[in-house]
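Chains as they are written, first to last, in my numbering: chain A, -14 to 315; chain B, -14 to 315.
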């Protein structure tokens, strides 16, 4: 089964927006975000409501920047990390756009971009809205421990990015195009440590990267920049090592959104994670670089760990996935 | 924004399978299921593992019945009701088919059928596998109370269907075709009672039904049979009343999977619910009736309540959605 699809008429990015949290707003990519919120509560009484507010706001910003009215949008493809993807659900009901809820963990943004691009290229939509969010505090208390407890973290653990991003995809003219995508398989390498998700996900990124280059026949130096979603420092090193074993060396052209989004001294252990991690870096930094002509060809590889607390507690391993989307702008 | 899409070359059903739980196996549709398991543990040590086992098995049955090898399947579209859709994730990693994880609560089966049909009709897939599951005990302890507690239920509450269903969609020839679909919007009618999800979802089914007939121009007597996903007795009565207010009377031609799947004396309160509810009735009973020529035109309206425990605890209302798919066989 071929995982890659190339579009004869590539869907284009009509508009995009990003909102980042306080810690992300102190990181090296701060200037690339449309808005930075200075408090995790964002004037709401719960973190969950803050996440929904940020998500709805970023969607409205993306529509405005694209000069697209929500009535013109055919489908809203969205997800997040909370149980029952409630952030996406509540944004969807505020928008009233026909809605497909998605969940591929931290790869959900890339899952949405792939499905959105296919719906447009297949002739079923003229405009599609893709949106995701994640929030440090909502994720922390859902997946790990009560935040008040201040539990120590292992060096391989990652910091969930607070933020939301939205992209309006369309047909026809647009600066940034999506010429091809590679859909990931769910894989399982027998990893069991939910505090080392970067390590668990690295082989999925490796598998999807190899499939992408093999199926497209592109040379390994085709892309100006490639970034995995949230492998962070340790996971990314494993990926680099796996590639070296195949004599593939991307050098500086391969990086990771979870490494890029924070400075090493921001006390984030291995680096960033979360659905918003790849989304903020892609729709913030990368789209800006593409638009300004600093790079022309980018491959993003959204990575996701498909576990839950229950599967970990029941002694099961961590399935992983990685979806790749290329963005090009000339 | 038009919610309905009609396919010039309708995708077809190549194969399908259903596995039902013990209670469903004692219900009026028992003879339509491919397999009935007689214990909620299904020879596993946890209910969650039982759900995954049933889900993987039904997928393999559907592939076999369709005479399709898993290597021939382009995409696996799947979801379930557990946090992080772990049942779907673990089946996906066992299959190794490029995977899109979905979540629209109990409407996930219909969400998957719509996206699968579009991926085929759009030329991005020749064969797509759609699968869902739900399990009384895994859902009960995740969303409600420890099962050991035996908490009393209100009359409007519903019984989560234990079961799994899978459908192989393809292009070209096939008896059952999917000529058109209507994508639902997430709506919110200010309902707050998580023990009355049928009542919450009824207006979403109403909205999607009206959109379907308005946009297609089909007459109200076009379909031989129509069934909502899991409104159950009270929700379905509300839907009938909403339709009557518009002078629409479908009579016997409109029913509900949550009413059909159990006998009234099975102590299920208002009726069935869960992702497997509409999936078992559609891929079990309805596909059989279509194949045997007892009916020719069916419209299924998968219904979903997009809440979570957290949103209920934080005093938020229940967003709802309904997706419609028509199946025709001559």
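Just so it is clear, CB atoms sit at the ideal spot from N, CA and C, and this is done for glycine as well.
query: Taking the alpha-carbon of residue 302 of chain A as reference, which of B/-4, B/15, B/79 and B/110 has the nearest alpha-carbon?; result: B/79
query: Measuring CB to CB, does residue 305 of chain A end up less than 9 angstroms from residue 173 of chain A?; result: yes
query: Given a cut-off of 9 angstroms on the beta-carbon distance, is the pair residue 220 of chain A and residue 182 of chain A in contact?; result: yes
query: Shortest alpha-carbon distance to residue 120 of chain A belongs to which of A/66, A/75 and A/141?; result: A/66
query: According to the Cβ coordinates, are residue 91 of chain A and residue 259 of chain A closer than 9 angstroms?; result: yes
query: Using the three-state DSSP reduction, which class does residue 160 of chain B fall into: helix, strand or coil?; result: coil
query: Is the Cβ of residue 293 of chain B closer than 9 angstroms to any Cβ of chain A?; result: yes
query: Under 9 angstroms between the Cβ atoms of residue 68 of chain A and residue 143 of chain B?; result: no
query: Does residue 189 of chain A pass the burial test, meaning 16 or more other C-beta atoms within 10 Å, or should it be called exposed?; result: buried
query: Are the region 111 to 120 of chain A and the region 146 to 166 of chain A touching, with three or more C-beta to C-beta distances below 8 angstroms?; result: yes
query: Check residue -11 of chain A in the structure and name its three-state DSSP category.; result: strand
query: Along the region 34 to 53 of chain B, where does the CB come closer than 8 angstroms to a CB of chain A? Name the residues.; result: 34
query: Less than 9 angstroms between CB atoms is the rule here; does residue 130 of chain B satisfy it with respect to chain A?; result: no
query: Quick one: using the 10 Å Cβ neighbour count with 16 as the cut-off for buried, is residue -9 of chain B buried or exposed?; result: exposed
query: Only counting the same chain, and skipping five residues up and downstream in sequence, which positions put a Cβ closer than 7 angstroms to that of residue 130 of chain A?; result: 136
query: By alpha-carbon positions, which one of A/179, A/211, A/176 and A/238 ends up nearest to residue 193 of chain A?; result: A/211
query: Which residues in the same chain have their Cβ closer than 6 angstroms to the Cβ of residue 239 of chain B, if we skip the five residues on either side of it in sequence?; result: 211
query: At which residues does the alpha helix (DSSP H) containing residue 265 of chain B begin and terminate?; result: 260 to 265
query: Which of helix, strand or coil does DSSP assign to residue 238 of chain B?; result: helix
query: Taking beta-carbon pairs under 9 angstroms, can you tell me which members of the region 53 to 66 of chain B lie near chain A?; result: 55, 56, 57, 58, 59, 60, 61, 64 and 66
query: Would you mind working out which of B/170, B/251, B/107 and B/134 sits nearest residue 63 of chain A, comparing C-alpha positions?; result: B/170
query: Any Cβ of chain A within less than 9 angstroms of the Cβ of residue 264 of chain B?; result: no
query: With residue 177 of chain A as the anchor, note down where its beta strand (DSSP E) starts and where it stops.; result: Counting along the chain, residue 177 of chain A falls outside any beta strand (DSSP E), and DSSP gives it neither H nor E.
query: Using a Cβ-Cβ cut-off of less than 8 angstroms, list which residues of the region 153 to 182 of chain A approach chain B; keep chain order.; result: 168, 169, 170, 171, 172 and 173
query: Here's the rule: buried if 16 or more other CB atoms are within 10 angstroms of the residue's CB, otherwise exposed. What is residue 177 of chain B?; result: exposed
query: On a CA-only basis, which of A/167, A/76 and A/29 is nearest residue 202 of chain A? Give me that one, please.; result: A/167
query: Within 10 angstroms of the Cβ of residue 263 of chain A, are there 16 or more other Cβ atoms? Answer buried if so, exposed if not.; result: buried
query: Could you check what DSSP says for residue 24 of chain B in three-state terms: helix, strand or coil?; result: coil
query: By Cβ distance below 6 angstroms, which residues in the same chain neighbour residue 75 of chain B in space, the five residues on each side in sequence not counted?; result: 37
query: Within 10 angstroms of the Cβ of residue 231 of chain A, are there 16 or more other Cβ atoms? Answer buried if so, exposed if not.; result: exposed
query: Kindly indicate the opening and closing residues of the alpha helix (DSSP H) around residue 7 of chain B.; result: 7 to 10
query: Measuring alpha carbon to alpha carbon, tell me which of B/97, B/290, B/280 and B/60 ends up nearest residue 208 of chain B.; result: B/280
query: Is residue 77 of chain B close to chain A, meaning its C-beta is less than 9 angstroms from at least one C-beta of that chain?; result: yes
query: At 7 angstroms on the CB atoms, spell out the chain B contacts of residue 108 of chain A, in chain order.; result: 107
query: Under 8 angstroms between beta-carbons, which chain A residues line up against residue 88 of chain B? List them in chain order, please.; result: 64, 69, 70, 86, 87 and 88
query: From this set, A/96, A/-12 and A/157, which residue's C-alpha is nearest residue 111 of chain A's C-alpha?; result: A/157
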